[in-house]
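A.B. asks: In my numbering, the protein residues as written are 329 to 612.
Beta carbons: idealized from backbone N, C-alpha and C, even for Gly.
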């Protein structure tokens, strides 16, 4: 059965991840898979190559001390990880969700995610990690890697959850944007929410045709939909629409159809995730 894979760390965004996960689980009925990954730097202090720098006895004693320190560090990291997961389970469970599993993993976050997401319906991650308060204008160091690696939709949470009533699809007519439209039409998550379709660019017959197709798919699924084409810079136009139209959630493709796919997510996508104060759901 498909599940919601929620990535939990020790940051203040973990509470938001939990609350958004509970909301998705309530709407969809999917079970929850909470995952906390201990990175390699969390569990080891790899010693430098000390050959020739100190005598053999001193080196042996130092390496033994470092090994002991690593064991204690790993033990404490495991204990902290289990506590983080149990607190997350309690927060989500307190909102009426019963099917909650936890995973504590060692190693690389992306590798752990790729292992866990084979049956995932959605990956949920905070916009920033444990250094959030120290880097408010920067995305979390792992977020871009998660979006780039995940084969499933990714919900990037805002700092705090609020009720979701209106969502906006930043629609560029590309494959990932149409994938988002069809996903929304076929699922339960957005049921009962008002939909806005916004294309930023020069109006043309092709642009209007694609926008009308997307609108028809959503209306056939029972959504109340309004659509518009606006000229301007995508980042500023979309941000203004979110603010003035009281949008609660932004949906967009991780890559624009006209951009060359690279090792980073599209620049418009990065700017949207960084700047807007609402959660963002990304599709590849």
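1) Helix, strand or coil: which one does DSSP assign to residue 613?
2) Give the secondary structure of residue 582 by DSSP, where H, G and I count as helix, E and B as strand, and everything else as coil.
3) Scan the segment 503-539 and note each continuous beta strand (DSSP E) run of 3 residues or more that stays entirely inside, going in chain order.
4) Using CA atoms only, rank isn't needed, just tell me which of 564, 558 and 354 is closest to residue 532.
5) Quick check: the segment 426-434 against the segment 348-363, are there 3 or more CB pairs under 8 Å?
6) Report the three-state DSSP secondary structure of residue 552 (helix, strand or coil).
7) Would you call residue 410 buried or exposed, if buried means 16 or more other Cβ atoms sit within 10 Å of its Cβ?
8) Can you tell which of 550, 574 and 503 has its C-alpha closest to the C-alpha of residue 515?
9) Is it buried or exposed for residue 435, if we count other Cβ within 10 angstroms and need 16 for buried?
10) Would you mind working out which of 391, 554 and 492 sits nearest residue 606, comparing C-alpha positions?
11) For residue 348 and residue 485, what's the separation of their Cα atoms in angstroms?
12) Residue range of the beta strand (DSSP E) that residue 449 falls in?
13) Take the Cβ of residue 422 as the centre, count every other Cβ of all protein chains shown within 10 Å, and call the residue buried at 16 or more, exposed below.
14) Mind checking whether residue 482 and residue 610 have CB atoms under 8 Å apart?
15) Quick check: the Cα distance between residue 472 and residue 521, rounded to an integer number of angstroms?
16) Rounding to the nearest angstrom, what Cα-Cα distance links residue 405 and residue 366 in this structure?
17) Assign residue 455 to one of two classes, buried (16 or more other C-beta atoms within 10 Å of its C-beta) or exposed (fewer than that).
18) Residue 361 by DSSP, collapsed to three states: which one?
19) Apart from the five residues on each side of it in sequence, which residues of its chain come closer than 6 Å, Cβ to Cβ, to residue 577?
20) For residue 494, report the span of its beta strand (DSSP E) as first-last.
21) Where do the N-terminal and C-terminal ends of the beta strand (DSSP E) with residue 334 fall, by residue?
22) Which residue marks the beginning of the alpha helix (DSSP H) containing residue 428, and which one marks its end?
23) CA-CA distance, residue 528 and residue 555?
C.D. replies: Reading from the atomic positions:
1) Residue 613 lies beyond the range of the chain shown here (329 to 612); nothing can be said about it.
2) Looking up residue 582 in the chain shown gives position 254. Of the three classes helix, strand and coil, the one that applies to residue 582 here is coil, per DSSP.
3) 522-528
4) Taking the first residue of the chain shown as position 1, residue 532 is located at position 204. The candidate whose alpha carbon is nearest that of residue 532 is 558.
5) yes
6) Position 224 of the chain shown, counted from the first residue, corresponds to residue 552. It is coil, neither helix nor strand.
7) In the chain shown, the residue the question calls residue 410 occupies position 82. Looking at its Cβ environment, which holds fewer than 16 other Cβ atoms inside 10 Å, residue 410 is exposed.
8) Counting from one through the chain shown, the residue named residue 515 turns up at place 187. The option with the nearest alpha carbon to residue 515 is 550.
9) Translated into the one-based positions of the chain shown, residue 435 becomes position 107. Exposed: under 16 other Cβ atoms inside 10 Å.
10) For the purposes of this step, residue 606 is taken as the residue at position 278 of the chain shown. Among 391, 554 and 492, the Cα nearest to that of residue 606 is on 492.
11) The residue labelled residue 348 in the question sits at position 20 within the chain shown. The residue labelled residue 485 in the question sits at position 157 within the chain shown. One C-alpha to the other measures close to 7 Å.
12) Position 121 of the chain shown, counted from the start, is the residue given in the question as residue 449. Counting along the chain, the beta strand (DSSP E) containing residue 449 begins and ends at 448-454.
13) Locating residue 422 in the chain shown gives position 94, counting from the first residue. Classification of residue 422: exposed, given that the 10 Å Cβ count is below 16.
14) Within the chain shown, residue 482 is the residue found at index 154, counting from 1. Within the chain shown, residue 610 is the residue found at index 282, counting from 1. Result yes, Cβ atoms of residue 482 and residue 610 sit closer than 8 Å.
15) Taking the first residue of the chain shown as 1, we reach residue 472 at position 144. Taking the first residue of the chain shown as 1, we reach residue 521 at position 193. Spanning the two alpha carbons is a distance of roughly 28 Å.
16) Mapped onto the chain shown, residue 405 falls at position 77. Mapped onto the chain shown, residue 366 falls at position 38. Spanning the two alpha carbons is a distance of roughly 7 Å.
17) Taking the chain shown and counting its residues from 1, one reaches residue 455 at position 127. Buried, by the Cβ-count rule.
18) As a first step, residue 361 is located in the chain shown; it is residue number 33 there, counting from the start. Correct three-state label for residue 361: strand.
19) The residue you call residue 577 lines up with position 249 of the chain shown. Only 492, 495, 606 and 607 meet the Cβ criterion.
20) Taking the chain shown and counting its residues from 1, one reaches residue 494 at position 166. Note, residue 494: beta strand (DSSP E), 494-498.
21) Taking the first residue of the chain shown as 1, we reach residue 334 at position 6. Its beta strand (DSSP E) spans residues 331-335.
22) The sequence position of residue 428 within the chain shown is 100, counting from 1. No alpha helix (DSSP H) contains residue 428, which is instead part of the beta strand (DSSP E) from 428-434.
23) For the purposes of this step, residue 528 is taken as residue 200 along the chain shown, with counting starting at 1. For the purposes of this step, residue 555 is taken as residue 227 along the chain shown, with counting starting at 1. One C-alpha to the other measures close to 11 Å.
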